[in-house]
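Protein chains in written order, with the UniProt record's numbering: chain A, 1 to 244; chain B, 1 to 244. Every residue, glycine too, gets a C-beta built ideally from N, C-alpha and C.
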Ligand code: SF4
Ligand code: SF4
């Protein structure tokens, strides 16, 4: 760690596994999950990153220490790392990690709700911006999101907007987001409304049923034409298990 | 139909629905399924396109007639059409359809095993080349596939190689394909070994189990680093039902 490099608060490093969501769905990747979020979505499936319940598990790590841990876990089997949270865009120092990963020939993915901008976001290869619909209980700051999108305008990232949809209101919100950013690829994802159940099979079928509902809604819509509709693969596979 | 325009043998036109496979997984799209194939894969899930069982359903349609049918079915709800088969690359006249769709502002996807080249393939927006592994019973003509790939070198298509994997041999075949075309994105897809069962739930669970097997194999492999591993979404949702 150089003197000016502040550590990154990390809650989980795991993989390789498949990315279960978004445009990069199915991608073989390692995950680095940072601590802390400026939101508190009602259905957050990573609330341990911000509700204090896992605060004793947070490690303060330098970019190099994160890389060392990734290599211990993944050896030579990976070329993609996803930075997730919480909201990693709260952390200025992720920039050191992104540079280090790029130096090692690794593609980097990021998941954030788009409530903050960091310079290093322009260097992310696979960028998923997931503004939160009404069912989350959060209010989107559209001007802030405009600013993030404007900053990304000239980047060569693969960018998508991902909206998790639980109900009709969420779907209307997705339409609104799509109209505001018509040139950004849109991914709609069916929401998991039971983030604690251990009944894996029951959960998988509930999700497939809701997925079919979402597909039916979107297929009938002339507002949503250029769009992908996806389930969460990891939830279909592993239910609510952490670290897979 | 202009005098030089020969009709296209079409077996199904349906949608809008979600693309269940490949890099375009989840994409809202219409499907045009052509008749005829130069292969006869042991596990073909569209064997009615070539085994004679649906030969009375084949319609000889011009590009314009196909477009009219797409509009009747999909109205203003779609901007993406997937041409599937059978092997549409047997048909020179698909070129008329691709041009007409582009004129209408539609993105065009194609699925083919890569055994034939047609000029119009360079114009396809989302191109899935799916060479068939040993379990199919087919033998890949690698020189022919090299030629197809060479012809696509300067196109701005989104191209991927998709290999359906049933067993270890198939996985080795995928590694071989990946080494031969290292710069083309690779998608591995778990195979559906029961293309007739009507037990939708049983099939979904069998597929999720095989998907987990495939994930485990690929995650441990240092030959397969930059790769996506996916299930067939439509089979998880609708089992072996046709036309969804
Ligand atoms: S933005 Fe993401 S991590 Fe933060 S509370 Fe919402 S779902 Fe959870
Ligand atoms: S190439 Fe495709 S359509 Fe032709 S036999 Fe094989 S699986 Fe069926």
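| task | Give a single yes or no on whether residue 144 of chain A has its beta carbon closer than 8 Å to a heavy atom of ligand 1. | result | Taking the first chain and counting its residues from 1, the one referred to as residue 144 of chain A is at position 144. Residue 144 of chain A Cβ: outside cutoff for every heavy atom of ligand 1.
| field | Environment of residue 196 of chain B [buried if 16+ CB atoms lie within 10 Å] | value | Taking the first residue of the second chain as position 1, residue 196 of chain B is located at position 196. When all chains shown are included, residue 196 of chain B counts as exposed.
| said: Which residues does DSSP list as the beta-bridge partners of residue 129 of chain B? | reply: On the second chain, residue 129 of chain B is found 129 positions in, with the first residue counted as 1. Note: residue 129 of chain B sits in a beta bridge opposite B:112, B:161.
| query | Exposed or buried, residue 257 of chain A, counting other C-beta atoms within 10 Å across all chains shown (16 or more means buried)? | reply | Lying outside 1 to 244, the shown extent of chain A, residue 257 of chain A is not represented and no answer is given.
| field | For residue 202 of chain B, the first and last residue of its enclosing alpha helix (DSSP H) | value | Taking the first residue of the second chain as 1, we reach residue 202 of chain B at position 202. Looking at the DSSP string, the run of the alpha helix (DSSP H) that includes residue 202 of chain B is 200–219.
| request: Please indicate yes or no: does the CB of residue 132 of chain B lie closer than 8 Å to some heavy atom of ligand 2? | output: Here residue 132 of chain B is taken as the residue at index 132 of the second chain, counted from 1. True, at least one ligand heavy atom lies under 8 Å from that Cβ.
| task | Give the interface partners of residue 272 of chain B over in chain A, defined as CB-CB distance under 8 Å, in chain order. | result | For chain B, the structure presents residues 1 to 244; residue 272 of chain B sits outside this window and is missing.
| So which residues on chain A does residue 100 of chain B lean against when the C-beta distance must stay under 8 Å? | The count along the second chain starts at 1 and reaches residue 100 of chain B at position 100. Chain A residues near residue 100 of chain B: none, gap ~18 Å exceeds 8 Å.
| said: I'd like to check one pair, residue 84 of chain B with residue 123 of chain B: are the Cβ atoms closer than 9 Å? | reply: The sequence position of residue 123 of chain B within the second chain is 123, counting from 1. The sequence position of residue 84 of chain B within the second chain is 84, counting from 1. Taking 9 Å as the Cβ cut-off, residue 123 of chain B and residue 84 of chain B do not qualify as a contacting pair.
| query | Whose CA, out of A:162, A:19, A:103, A:218, lies closest to the CA of residue 29 of chain A? | reply | If you number the first chain from 1, residue 29 of chain A lands on position 29. When only C-alpha atoms are compared, the closest one is A:19.
| field | DSSP bridge partner residues for residue 30 of chain B (one or two, in chain order) | value | Here residue 30 of chain B corresponds to residue number 30 of the second chain, with the count starting at 1. Paired residues: B:81.
| Would you say the stretch 31–38 of chain A touches the stretch 174–181 of chain B, given that touching needs at least three Cβ pairs under 8 Å? | no
| message | Check whether chain B comes within 9 Å of residue 222 of chain A, counting only Cβ atoms and requiring the distance to be less than that. | response | Counting from 1 along the first chain, the entry for residue 222 of chain A is found at position 222. Answer yes: the Cβ-Cβ gap between residue 222 of chain A and chain B drops below 9 Å somewhere.
| said: Can you tell me whether residue 38 of chain B sits near ligand 2, meaning its C-beta is under 8 Å from at least one heavy atom of the ligand? | reply: By one-based count along the second chain, residue 38 of chain B stands at place 38. Within the cutoff, so yes.
| Does residue 17 of chain B get closer than 9 Å to chain A when you measure Cβ to Cβ? | As a working note, residue 17 of chain B is residue 17 in the second chain. True, the Cβ-Cβ gap to chain A drops below 9 Å.
| message | If the cut-off is 9 Å on Cβ atoms, which residues from the stretch 192–219 of chain A count as contacting chain B, listed in chain order? | response | 201, 204, 205, 208, 211, 212, 215, 218, 219
| Distance cut-off 8 Å: residue 44 of chain A Cβ against heavy atoms of ligand 1 | Within the first chain, residue 44 of chain A is the residue found at index 44, counting from 1. Yes, ligand 1 has a heavy atom inside 8 Å of this Cβ.
| Would you say residue 236 of chain B faces chain A, with C-beta separation under 9 Å as the test? | Residue 236 of chain B sits at position 236 when you count from the first residue of the second chain. Taking Cβ atoms only, chain A reaches closer than 9 Å to residue 236 of chain B, which makes this a yes.
| message | Could you check whether the Cβ of residue 82 of chain B sits closer than 9 Å to any Cβ belonging to chain A? | response | Mapped onto the second chain, residue 82 of chain B falls at position 82. So no, residue 82 of chain B is outside the interface.
| Do residue 196 of chain A and ligand 3 come close, with the Cβ less than 8 Å from some heavy atom? | As for ligand 3, it is missing from this structure, which binds only ligand 1 and ligand 2.
| said: Short of 6 Å in beta carbon distance, which residues of its chain neighbour residue 127 of chain B, apart from the five on each side in sequence? Order them along the chain. | reply: The residue given as residue 127 of chain B occupies position 127 in the second chain. Taken in chain order, the residues that qualify are 110, 157, 159.
| field | Strand pairing of residue 12 of chain A, partner residues [DSSP] | value | Position 12 of the first chain, counted from the start, is the residue given in the question as residue 12 of chain A. Residue 12 of chain A pairs with A:33.
| query | With residue 61 of chain B and residue 8 of chain B assumed to form a contact (beta carbons below 8 Å), what rounded beta-carbon distance in angstroms separates them? | reply | Here residue 61 of chain B is taken as the residue at index 61 of the second chain, counted from 1. Here residue 8 of chain B is taken as the residue at index 8 of the second chain, counted from 1. Confirmed, about 6 Å.
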